[in-house]
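Numbering (my numbering), first residue to last: 38 to 377.
We treat Cβ as the ideally placed atom computed from N, Cα and C, and that holds for glycine.
All figures in this text were calculated on a predicted structure; none of them were measured in a lab.
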């Protein structure tokens, strides 16, 4: 990959977005726009950092030694292909398969939406609970997920017809998790998850990072794309260690809903969380590098979903007064001779 590839990427993403990225860096740093552009090109050629990575991780504020420790979109894709066998990726991409395969880690009952399910079977499934989460079989960023209340339907049959309506494209119907009250304090309307990445090396599961995510604006999902926040998190102490980051790269020091400060916010059951994700990481030997969304229910941790494409951006979001050390340096603790 060379300079020609850089410009093909830029043209594919539109020069307008590249110009916008340069303007953003200029506003934040006060640096000359031409200098920013050539530094972006240099970072792509040397570190495989696209302009989104350059802006998001603040490459313009890094030394060369710091820059080489950062994972980029291109490098993360390469590393994922080195660690995972994507011919079996449907186990993570299809929620019907995932919920079935990882049932013992979910902490909730799940009904796979299949035309073979009868009304009687459906009625038996929904009998114990009042609230459910319906999810498409495929999808990401919370798209297509609905929170369904049994009392909103006139009958089990009406509820059944809605869930099994092919236009809704639901793949699974899940018992709604009751979140631990300590986690709900900061924002009670979403299941606020920990995103955790694991890497299995020589048969041993290792935790690379953890990030705390929470919803906002009345939304019942915690994705940044829906207005949520992501914060650095220390699993050893069970504590949020930095402010909230948004998808627009804004920073919040306290949650606008509750007024609770992000930094210092505590999450229970973190030792159990570690054990849960390490055990789950060993279930599919073909996938060594995975991401897990883990919630804390009233009864302890539960996996919401797994991802065969672990996020590289969350653990590298820049916090004030913290060392600029990227994900590659963490991975090299387990794979010292890693070359990307």
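Asked	Found
Delimiting residues of the beta strand (DSSP E) encompassing residue 232	231–238
Continuous beta strand (DSSP E) assignments of at least 3 residues falling wholly in the stretch 185–230	207–212
Short Cβ contact (8 Å threshold) for residue 156 with residue 199	no
Residues bridged to residue 59 [DSSP beta-bridge criterion]	In DSSP, residue 59 forms no bridge with anything.
Beta-carbon proximity check, residue 148 vs residue 139, cutoff 8 Å	no
Ordered list of beta strand (DSSP E) runs contained in the stretch 245–308, each at least 3 residues	266–271
Residue 375 in three-state terms, based on DSSP	coil
Reference residue 177; option with closest CA among 160, 202 and 330	330
Start-to-end residues for the beta strand (DSSP E) that takes in residue 344	337–344
Other residues of its chain near residue 310: CB distance less than 6 Å, five sequence neighbours each side excluded	331 and 338
Coarse secondary structure for residue 65, derived from DSSP in three states	helix
Residue of 273, 336 and 247 minimising C-alpha distance to residue 267	247
Which listed residue (245, 244, 243 and 260) has its alpha carbon closest to that of residue 251	260
Span separating the alpha-carbon of residue 38 from that of residue 82	Residue placement at residue 38 is flagged as unreliable, the pLDDT there being 47, under the threshold of 50; a coordinate-derived value is accordingly withheld.
Residues near residue 253 in its chain [Cβ-Cβ closer than 7 Å; skip 5 each side]	224, 264, 265, 266, 293 and 294
Inter-residue Cα distance where the pair is residue 191 and residue 211	20 Å
Residue 331: first and last residue of the uninterrupted beta strand (DSSP E) it sits in	326–334
Beta-carbon gap between residue 185 and residue 169 smaller than 8 Å	yes
Option in 68, 207 and 109 with minimal Cα separation from residue 98	68
Residue 163, enclosing beta strand (DSSP E) - first and last residue	Here residue 163 belongs to no beta strand (DSSP E); instead the alpha helix (DSSP H) covers 156–163.
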